[in-house]
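For the sequence shown, numbering that gives the first Met the number 0 begins at 0 and goes up steadily by one.
Ideal Cβ placement from N, Cα and C applies to all residues, glycine included.
Below is one structure; the comments refer to it alone.
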Amino acid sequence: MSHQLSQLEKRDWELWVIVCLAGVLVGAGLLALIFPAAFLKQDNVHFEITVSRQLVVGLMVLLALLNTYLVTRRLELRRLREKLISSTIQNELVRLQSFTDPLTEIYNRRSLDDMASRFISHARRLSKPLTFMLIDVDRFKEVNTRFGHLTGDVVLAEIAALLKNSVRGSDAVVRYGGDEFLIILADTSRASASRVVERLKAYLGDWNKAGHLERFEVSLSIGFAEWAEGKTLDDLLDVADREMYVSKGEPPRALAPGSLISRTS
């Protein structure tokens, strides 16, 4: 887009050059008429100019045509600029939609490779920690079976909202699979990620207390992976995935490093 806008700006400059040249030519023409006709008489300067009607009319027509051309070109350039900006916005919206999960309105898995690459590049360049959290909604099939798929969709959307509220704007929340989510925590070590878990635990506890699902409390299992030089995205996801499934086998009321249970006493 920047290249195309620069081309439009170049056309604007071309119009101004045309205006300047036209002014110079008109001025030169007037001077050519005035100075040969000028002569000194005593202390006064007298000008005697004879201009044909056809020349005056021709000059007026020329100026009118030039003005019409300039106005038309300016309007055309404005339309082109507006069209370019509108097209760019539309393309960006399409790109964002292709990277957004329509149900939860968070990033989808398609966006993960590009996003993870940018987070890893940032961590490498600034020597900052970077942590991945893989999250699974426990017993989600039971939610669909007992309450229906529409309710299941609502639960996923609300869990996604809780996840977004638990992290900063500089972090990323991704719908990794059907009932799995991934959080990328910028500038955050695994130890520091525990604060996110505590916030999420509190939010989920409040959500369950509100009684959205009759006699059913949603719980989450979490696996962590902290990035280190040489580790790929696949390596990190594999570590987080294995830890997440190990956490599912722990006692249901335990809040181990890799497991979040929202039930309260």
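Annotation for Asp135: the continuous beta strand (DSSP E) segment containing it runs Leu129 to Val136. No Cβ-Cβ contact shorter than 9 Å links Ile119 with Val136. In this structure Val173 is not in contact with Val166, their Cβ atoms being roughly 11 Å apart against a cut-off of 8 Å.
In the three-state reduction of the DSSP assignment, Thr99 falls in the strand class. Residue pairing from DSSP places Ile182 in a beta bridge opposite Met132 and Val172. For Val195 and Lys82, the gap between their C-alpha atoms comes out near 44 Å. In the three-state reduction of the DSSP assignment, Ile221 falls in the strand class, which pools E and B. Counted as a single uninterrupted DSSP element, the alpha helix (DSSP H) harbouring His121 occupies residues Leu111 to Leu125. A Cβ-Cβ separation of about 12 Å leaves Met114 out of contact with Ile182 under the 8 Å criterion. Using a C-beta cut-off of 8 Å, the segment 60-80 makes no contact with the segment 198-205, since fewer than three inter-stretch Cβ pairs fall below that distance.
Annotation: Leu129 to Leu212 spans about 35 Å, alpha carbon to alpha carbon.
Fewer than three pairs of CB atoms, one per stretch, sit closer than 8 Å, so the segment 146-160 makes no contact with the segment 234-246. Taking C-beta separations shorter than 8 Å and ignoring five residues to either side along the sequence, the partners of Arg123 in its chain run Glu228, following chain order. Ranked by Cα distance from His121, the options Leu69, Leu235 and Ser169 are led by Ser169. The C-alpha of Thr87 is placed about 39 Å away from the C-alpha of Ser191. Each of Ser188, Asn207 and Lys208 was checked against the Cα of Ala224, and the nearest Cα belongs to Ser188. With a beta-carbon spacing of about 25 Å, Gly222 and Leu125 fall beyond the 8 Å limit used to define contacts. In this structure, the straight-line span from the alpha carbon of Leu58 to that of Thr67 is close to 14 Å.
Following the DSSP letters along the chain, one finds Leu161 inside the alpha helix (DSSP H) bounded by residues His148 to Ser165. Going by beta carbons, Leu203 and Leu219 fall inside the 9 Å limit.
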